[in-house]
Structure formats: structure tokens, C-alpha cells
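Only one structure is covered here, and it is reproduced in the block below.
2 protein chains.
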Amino acid sequence: MKAVAEPVAAKPLLPVEQALERLLALAEAARIEDCEEVPLAAAEGRVLATALVAGLDLPPWPNSAMDGYALHHADWQGTPLVVSQRIQAGQAPAPLEPGTCARIFTGAPLPAGADCVEMQENADVQPDQRVCFTEPLSAGLNVRPQGQETRAGETVLDAGTRLGPVELGLAASLGCAALSVVRKVRVAVLSTGDELVEPGLPLGPGQIYNSNRRLLVSWLQRLGCEVKDAGILPDDLALTRERLGQLKDVDLILSTGGVSVGEADYLGIALREEGELSLWKLAIKPGKPLTFGHFRGVPVIGLPGNPASTLVTFGLLTRPYLLRRQGVQDVTPLQFSVPAGFDWPKPGNRREYLRARMEQGQALIYKNQSSGVLRSAAWAEGLVEVREGTAPGKGDSVQFIPLSELLG
Amino acid sequence: MKAVAEPVAAKPLLPVEQALERLLALAEAARIEDCEEVPLAAAEGRVLATALVAGLDLPPWPNSAMDGYALHHADWQGTPLVVSQRIQAGQAPAPLEPGTCARIFTGAPLPAGADCVEMQENADVQPDQRVCFTEPLSAGLNVRPQGQETRAGETVLDAGTRLGPVELGLAASLGCAALSVVRKVRVAVLSTGDELVEPGLPLGPGQIYNSNRRLLVSWLQRLGCEVKDAGILPDDLALTRERLGQLKDVDLILSTGGVSVGEADYLGIALREEGELSLWKLAIKPGKPLTFGHFRGVPVIGLPGNPASTLVTFGLLTRPYLLRRQGVQDVTPLQFSVPAGFDWPKPGNRREYLRARMEQGQALIYKNQSSGVLRSAAWAEGLVEVREGTAPGKGDSVQFIPLSELLG
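Sequences listed follow chains A and B, in order.
Residues 1 to 408 in the working numbering are what the first sequence spells out, letter by letter.
Residues 409 to 816 in the working numbering are what the second sequence spells out, letter by letter.
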């Protein structure tokens, strides 16, 4: 998808943060507003459409943090106390008889009238079953107060939160059986290039297997997208028009390949006939060319075709775009300052993302950072960022982005 | 699930690494040997059963890394060269006519007889369409040699590799349409405790909502397990026996709750009748009690019931166990040395895992690290490790484990 008519050579390279800023603004302007109510079991990986507000206090009542004895601390004056009831978790206790204590277990509700729990290790049970305490007592000891974690009415998850196991567990703890989530983003994935053949088929002269389709379809599914796999586009204008015309109900057309090929860009021609496209030359490596545009009003992102470039431009630019389309505010992956375990030869004018691993606290890079390879990415645990104009040496601090932050 | 008869109080606490070592040895001894062939689209999240060996060179033939002109470097002697063919990606070129050059595009095969590619920016096309070059040429320039990434016969993914989008893309690039993967681990999830109520139902006195079931079921699914959701076990021995007897074809029984309650441990009783259980007191916080045993030959892991303890003991101990059952060798999450953005009050005798976020390069911890809460975990981006006997202060180095490393 090259923007054939543009004088691209004259443009300065677009810094990564500016490209991201533009993409996020475009995503914000095309936020998916539709939402749906789904049971918790179906909400994993989705984005919360409306804030989750606690409907009850957590814990719902004061409870014991220990196995032991509940009492009013002032009732212990050195005289052994009778055990007047026994409270397991799940039981509703009677009010505590004054001057007595209650056997209580972790998580069980504190009886009315008690203000502390002494752990069983600090209790002496007398032969007559009355109990003495060996350590000083005070109000609040080993008690988890009602509402300690959450008060009814508090917002516990903001709209725009991505829902993983932890968030779903939290929703369950508040009694929610269903959540309102943003509709899934529907992404059509297209590969371009007459050289591409699907795995399992024989490879002819000059052909290579299509790896980006599998990479992107699996990745998009992990990100909670609904994928329309539109296969490989033939290098033919009429067929390209036909295939594009068949794409209905999609929120994004994501293509790979074609952007760095100067001619025979049928996808670009067909898209431009009914929309607009612009080519961004990014200060990023692997990567560089990225196309953004619209086709019949549907946003289009065109990624470079070689797999390592696809990986980096999808992970660092398209993933945040897709999350923001669903209203996710925090789209920045975690990154860490780590010492470089390598010497970078010379400063460049593009930001490099090197496939790297952590070994003994240092970032090591894959020997061959050629942009055509996925093997380096399978070996890698993360990406090391080498900024424009810098050439870090061994021991210098570099930023490390774990792949797990990008893939999920 | 308490091991009622054991004199647990006398035992020293078991350090986390020793507990992990034991669990991994148990997992190794119970490795799942069954495997199955699945198409790439179904292999995401699975574990490779047999090494993936390249069946072809990658790239399959030398190709151009640039849009430009292919030639034999010695043919450029200052006399403009005729362009004798034009090679797009996907085309099989004819051998290069000696003394000429070929127009070539990125990814297209190098014609026999050519040994370099000069990028179009360094080429002057004359009015007669012949081409001059403005920079010195050398053999290999801008050529990606055949087999540069991978040679046929090389192992590109070891058995035991977890398959994510990158690994599947790599397999696709080698033409594989299906992979041999380890059978999914079948995990029965049980919650114990009469106080537990499922979300969506009304909450009675003394009751709380069951959050661990949702936390664990979603998490196990993300880890590629087949989950048998066995619901909440009633505090009744006969019913417990009956429910356990109904669990068929499972590789692990995972229960939560009950381990720190000293009495009415019907699950423990029922399990011990037809197996064995031992209680490990771990030097971990939140956490501490963990049960491991067997029931009719099926391994059993019992996690503590409060959600933050469940999260930590599942993430740090059960997750690696489950991965190792499938033959995954590298089960250690990435962790990073980061400066503490907090003062820890005093050294403890258990290793603490604090729910933390990274802010401006420092790890901040959630204000309430009470073990009962999931809200802290939803706020957190990772866990900060505070080792036994240490009390890091602001600026001291602590280990940070991103949650994304544990959740996927």
C-alpha cells in the first residue's frame, strides 16, 4: 500500500512517539461505542464499558484474620473466660455474651460485642475449657473491619479497564455475575504479495510462506479482537477491488506487505479509489513504512511485510491503537531500565527495537537483527530500545520491554 | 484441606525456591506424555511436543533487501548498464545477462549471476534508461543470502516450547500447517467453604462471594488448561466424597480454601481416605499454607483461600507446576531489578510479594497489602519481592515481576 503520488522521500522521518500520538488520536475519534452485557466467564480479555461500582462493603462484615478467640478486649482482666459460642466461616454469629469469648476461625464474622481476636497460639485453654490469654489485647487486634477493602458505592474498576483473571475475580468478589463490555473490535487481516503461499501448500520458485497472517491472527485473538481472515490478496486490481468490496462490518482493515514495494501496488490503488491513504515514514527499525488511511470510512493500517517489522509495528503502534479504539486509556507497555550486555556499533537515525533476552541481569541481543526474521523474536523475551542518536555500550542503561507486555 | 495429624507447628517454614523445586520435580514425574496434531490456528497457547525442524532454508533463495538494481559488482566499471530484466517479489528471475543489471524489489530473488543489489537512491537512470551507480559496490551488498535465518535440518523450536503468535508465525514461515502439541492439562477447580456464594446470588449473613473460582478458571484457561469447574464443595463429608468420586479424567485437582481452617476439613478427610496429603508451610506472604497430595493417583494442590494468597501461590508455584507437567523447561517469569519507591518497615521471616506498580522508574506498593484483597492486584502491574530478613528502603534495589509474565 504505497501512497504512489506523495513525494515521500522529501519528508523527515516521523518519531515513534509522534506516530503513536497520531494513531491514538485517530483511535479516540473512532472509539467503539457499542457495548454488551456478558457473563463473567465470557468477559476475559474484554474492555469494561461502564465503571464497576461496589454494591456492597468488602468485607461485608468485620471478620477474623486468625484462628483464635473473639472477645471484647476489656473483658479480659486475668480471669479465665468461658467460650460461649463457636463461629466458623459462613456462620452468622449470635451477639457475644458479655464477659465471655467465642471460638472463631479465619474469615468468620466477628460477633456483635467483640472488638478483637486473639490468635490460638496466644491462648491457654484451661482443663475446664475456659481460656486465658498470654499477651496484651487491644481493640481491633486481628480484626478485618467491614469495608476495609472496599466501601459500597466506590468505583473499583474504571470504564476502559481490560478484564483479566484478576479483574474478573474482583468483580466476582462483589457479586457481579455479568459485566458491560465494549463490543469486540472487528479486524480484517489481509496479506499482499504474489510471492506468498499458505503453509501446507507447495512452494514454487520465488515464493515464500505467509507467516504474518498466522502471527497477526493469533495476536489479534489474544488481544480480544474478532478477526476476519481475508487471506492473501492477489496482485490484480479487479480482484483486489472485489475482495475489498466483500469486507463488511469491520472496524479496521489491517494489511501487511506492499508498503515498501514501489510499484504494482494494487491494494493502494483500490483503497485510494474509495478513500484516502497516507504513508508515514517512521524513525523505527525494524519497520519504517506504515500506511494509515480509510476505505469507505473504515480505518486502514498497512504494516511492512517482513515479519520482524510486522511484529514491532504491530506491537508498538497497532496494539495501542486497537486498545484505544475500545476505550483503554493505559496502552503503554511496562518497560524497565536494564544494563546492556552488548556494544551497539553506531548511533542511527531510527529508533531500533532489538530482540533481546535477560541473562544474569543484562540484556543480550540476538546475533542477527536482520528485519526479515521471526526466529530472533521466538528466541527473545523482550525488545531493547536503542534511541536515535545513541550507541549504548556494555553496562549502559537501555529500556527493555517484555514481549509478554505486548502479546497480551 | 489440613493435614490434621501432622505436627505442623514444629516444622520450619519452607523457602519458596525449595517449594518450587519440589513441585517441579513432582510435575516432571507426572509429565503428560499424550500429544496430538493440531492445525496452527488451534495451537496458540499449547506446548510443542516434538521439536520443530526446518524443512527448508529461510530465505529459500538469496533475495534483495532493497528496492534497486541487482548486478555482479565487477560488471560496474563506470559504463552505464542496461536493465535486462525486472524482478518483483514472487517472480522467478532468469539468469542475469552478463554486463547488465536487473531492476529488483525488496524480497525478490536475486538472479543467478548477480552478487549484489544497489539501492535505487544510489542509482542514476540515464535518459536512455541505462543505469549508473554513485557509490562503490561490493559482493553481498544488500543481499540476504539463502539460509541466512535458518538452514533446512536446523531445530528452530525445541520440544517444550510454549506456542504464541511469534512461534506460530515462525512455524508458518517454514510451511508447517500443523504442529504436534502436548495434550491440554485437565484441571478440576474446587472451592471449599460454607461461607462461599456464587456471584449473582443473594448474600446471606456471614457469607461472601466466591472470587477464587473466577480468578482461577480464567487464569487456567489463559494458560491453555482444560478446566473442569467443580464448583463449591459443601461442608459435608458424604457430599464431598460423592463430588470427588465424580471427578473423572483429570490431571490435577486444584482446591482453594480450607487449608488454614483447623477443623471441619471434610475435603482433607475425604482425600486422605483414598490418597495422601501433606501440608507445606511456606515462607511466603501472602500465602503460607499449601497442600500437596494425591487422590486416587491424581495430584492435588490446595491453595489458601484468600484471594491475594491464591493469586501469589498460583502465580509463583502452581503456574510453573502446570507448565512443567506439559514439558515446558523455562517456567521462570522474567523479573527486573528496580529501585523501591517505598520504605519497608521491618524484616520478616517470610518472603513477601507486594502488589506494586512502576511509576517514574520506581516500584510503588499498594497501601493495603492485607492478604484478603484483590483490589490491590487489579491496581498492580506486578509483584515486588521482599526477601526474608530484608527491609528495603527508598532507592534500594528490589525484584519486580510483571503480572503479564504470570498471567500468560
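In this text, a Cβ means the ideal position worked out from N, Cα and C, and glycines have one as well.
As the structure is a computational prediction, the values presented were derived from the model and not from experiment.
Any contact of the segment 422 to 433 of chain B with the segment 556 to 566 of chain B, i.e. 3+ C-beta pairs under 8 Å?
-> no
Alpha carbon of Trp280 of chain A to alpha carbon of Gly348 of chain A, nearest angstrom | Position 280 of the first sequence, counted from the start, is the residue given in the question as residue 280 of chain A. Position 348 of the first sequence, counted from the start, is the residue given in the question as residue 348 of chain A. Roughly 18 Å separates the two Cα atoms.
Segment limits, beta strand (DSSP E) that includes Tyr366 of chain A = For the purposes of this step, residue 366 of chain A is taken as the residue at position 366 of the first sequence. Run containing Tyr366 of chain A: none; DSSP gives neither H nor E here.
Select from A:Asp128, A:Met119, A:Val125 and A:Gly147 the residue whose C-alpha is nearest the C-alpha of Pro136 of chain A.
-> Here the question's residue 136 of chain A lines up with position 136 in the first sequence. Comparing Cα positions, the closest option is A:Met119.
Quick check: the segment 526 to 541 of chain B against the segment 359 to 379 of chain A, are there 3 or more CB pairs under 8 Å?
-> no
With a CB to CB cut of under 8 Å and the five nearest residues on each side skipped, what residues in its chain are close to Arg649 of chain B?
-> As a working note, residue 649 of chain B is residue 241 in the second sequence. So the qualifying residues of the chain are Ala678 and Glu681.
Out of curiosity, what's the CA-to-CA distance linking Leu323 of chain A and Ala49 of chain A?
-> By one-based count along the first sequence, residue 323 of chain A stands at place 323. By one-based count along the first sequence, residue 49 of chain A stands at place 49. The alpha-carbon atoms of Leu323 of chain A and Ala49 of chain A are separated by roughly 13 Å.
What are the boundary residues of the alpha helix (DSSP H) that Gly676 of chain B is part of?
-> Your numbering for residue 676 of chain B matches position 268 in the second sequence. From DSSP, the alpha helix (DSSP H) with Gly676 of chain B extends over Tyr674 to Glu681.
Under 8 Å between the Cβ atoms of Lys285 of chain A and Arg350 of chain A?
-> Taking the first sequence and counting its residues from 1, one reaches residue 285 of chain A at position 285. Taking the first sequence and counting its residues from 1, one reaches residue 350 of chain A at position 350. Closer than 8 Å, so yes.
How many Å lie between Val261 of chain A and Ser370 of chain A at the Cα?
-> Taking the first sequence and counting its residues from 1, the one referred to as residue 261 of chain A is at position 261. Taking the first sequence and counting its residues from 1, the one referred to as residue 370 of chain A is at position 370. Note on Val261 of chain A: pLDDT 47, under 50, position unreliable in the model; the coordinate value appears next. Cα to Cα, Val261 of chain A sits roughly 18 Å from Ser370 of chain A.
Unbroken beta strand (DSSP E) runs of length 3 or more, entirely within the segment 158 to 240 of chain A: which are they?
-> 178 to 182, 186 to 192 and 226 to 233
State the CB to CB distance for the pair Gly389 of chain A and Ala340 of chain A, rounded to an integer number of angstroms; the pair is presumed to be in contact (CB under 8 Å).
-> Against the first sequence, residue 389 of chain A aligns to sequence position 389. Against the first sequence, residue 340 of chain A aligns to sequence position 340. Not really, about 16 Å apart at Cβ, beyond 8 Å.
Comparing the C-beta of Trp627 of chain B with each C-beta of chain A, is any distance below 8 Å?
-> Reading the second sequence from its first residue, position 219 is the one you call residue 627 of chain B. At least one chain A Cβ lies under 8 Å of Trp627 of chain B.
Neighbour list for Leu623 of chain B in chain A, Cβ cutoff strictly below 8 Å | Taking the first residue of the second sequence as position 1, residue 623 of chain B is located at position 215. What Leu623 of chain B touches in chain A: Pro165, Val166, Leu168, Gly169 and Ala172.
Nearest-angstrom Cα separation, counted from Gly193 of chain A out to Lys228 of chain A = As a first step, residue 228 of chain A must be located in the first sequence, where it is residue number 228. As a first step, residue 193 of chain A must be located in the first sequence, where it is residue number 193. Rounded to whole angstroms, Lys228 of chain A to Gly193 of chain A spans 19 Å at the Cα level.
Nearest-angstrom beta carbon gap, Arg594 of chain B and Glu444 of chain B [assumed within contact, 8 Å] | The residue given as residue 444 of chain B occupies position 36 in the second sequence. The residue given as residue 594 of chain B occupies position 186 in the second sequence. Rounded, the Cβ-Cβ distance is 13 Å, inconsistent with contact.
What are the complete beta strand (DSSP E) segments, minimum 3 residues, inside the segment 419 to 492 of chain B?
-> 443 to 447 and 476 to 479
Are the segment 602 to 613 of chain B and the segment 623 to 637 of chain B touching, with three or more C-beta to C-beta distances below 8 Å?
-> no
Residues near Ser138 of chain A by beta carbon distance below 8 Å, same chain, minus five either side | As a first step, residue 138 of chain A is located in the first sequence; it is residue number 138 there, counting from the start. Only His73 and Cys116 meet the Cβ criterion.
Using a Cβ-Cβ cut-off of 8 Å, state whether Leu203 of chain A counts as contacting chain B.
-> Mapped onto the first sequence, residue 203 of chain A falls at position 203. With 8 Å as the cut-off, Leu203 of chain A counts as an interface residue toward chain B.
Work out the CA separation of Tyr674 of chain B and Pro642 of chain B for me, nearest whole Å.
-> The residue given as residue 642 of chain B occupies position 234 in the second sequence. The residue given as residue 674 of chain B occupies position 266 in the second sequence. Spanning the two alpha carbons is a distance of roughly 9 Å.
Indicate whether at least one CB of chain A lies closer than 8 Å to the CB of Asn757 of chain B.
-> Taking the first residue of the second sequence as position 1, residue 757 of chain B is located at position 349. No, no contact with chain A.
Going by the CB atoms, is the gap between Ser211 of chain A and Leu316 of chain A shorter than 8 Å?
-> Translated into the one-based positions of the first sequence, residue 316 of chain A becomes position 316. Translated into the one-based positions of the first sequence, residue 211 of chain A becomes position 211. Not in contact: Leu316 of chain A and Ser211 of chain A (Cβ atoms no closer than 8 Å).
Three-state secondary structure assigned by DSSP to Thr726 of chain B = Translated into the one-based positions of the second sequence, residue 726 of chain B becomes position 318. Looking at Thr726 of chain B - three-state DSSP - the assignment turns out to be helix.
Are there 16 or more other CB atoms within 10 angstroms of the CB of Glu414 of chain B, so buried, or fewer, so exposed?
-> Sequence index remark: in the second sequence, residue 414 of chain B carries index 6 (1-based). Residue confidence for Glu414 of chain B is low, a pLDDT of 43 falling below 50, so the modelled location carries little weight and cannot support an answer.
Taking only the alpha-carbon atoms, compute the straight-line gap between Thr721 of chain B and Pro697 of chain B and give it to the nearest angstrom.
-> Here residue 721 of chain B is taken as the residue at index 313 of the second sequence, counted from 1. Here residue 697 of chain B is taken as the residue at index 289 of the second sequence, counted from 1. Distance between the alpha carbons of Thr721 of chain B and Pro697 of chain B is about 9 Å.
Using a cut-off of 7 Å between C-beta atoms, extract the partners of Cys176 of chain A located in chain B.
-> Reading the first sequence from its first residue, position 176 is the one you call residue 176 of chain A. Pro607, listed in chain order.
For Asn212 of chain A, go through chain B and note every residue whose CB falls closer than 8 Å to its CB, in chain order.
-> Start at 1 with the first residue of the first sequence, and residue 212 of chain A comes out as number 212. Those are Gly577, listed as they occur along chain B.
Straight-line CA distance for Gly287 of chain A to Gly305 of chain A?
-> Counting from 1 along the first sequence, the entry for residue 287 of chain A is found at position 287. Counting from 1 along the first sequence, the entry for residue 305 of chain A is found at position 305. In a straight line, the C-alpha of Gly287 of chain A is about 9 Å away from that of Gly305 of chain A.
Quick one: give me the first and last residue of the beta strand (DSSP E) that Ser663 of chain B is part of.
-> Locating residue 663 of chain B in the second sequence gives position 255, counting from the first residue. Run containing Ser663 of chain B: Leu660 to Thr664, per the beta strand (DSSP E) assignment.
Mind checking Glu149 of chain A: buried by the 16 CB within 10 Å criterion, or exposed?
-> Position 149 of the first sequence, counting from 1, holds the residue named residue 149 of chain A. Label assigned to Glu149 of chain A: buried.
CA nearest to the CA of Ile253 of chain A, picked from A:Gly204, A:Gly268 and A:Leu190 | Position 253 of the first sequence holds residue 253 of chain A. With distances taken between Cα atoms, Ile253 of chain A lies closest to A:Leu190.
Collapsed DSSP secondary structure at Val156 of chain A in the structure displayed | Here residue 156 of chain A corresponds to residue number 156 of the first sequence, with the count starting at 1. Val156 of chain A: strand per DSSP, three-state reduction.
In or out: Ser812 of chain B buried (at least 16 other Cβ within 10 Å) or exposed?
-> Here residue 812 of chain B refers to the residue found at position 404 of the second sequence. By the 10 Å Cβ count, Ser812 of chain B comes out buried.
Return helix, strand or coil for Ala531 of chain B, following the three-state DSSP convention.
-> The count along the second sequence starts at 1 and reaches residue 531 of chain B at position 123. Note: Ala531 of chain B maps to strand in three-state DSSP.
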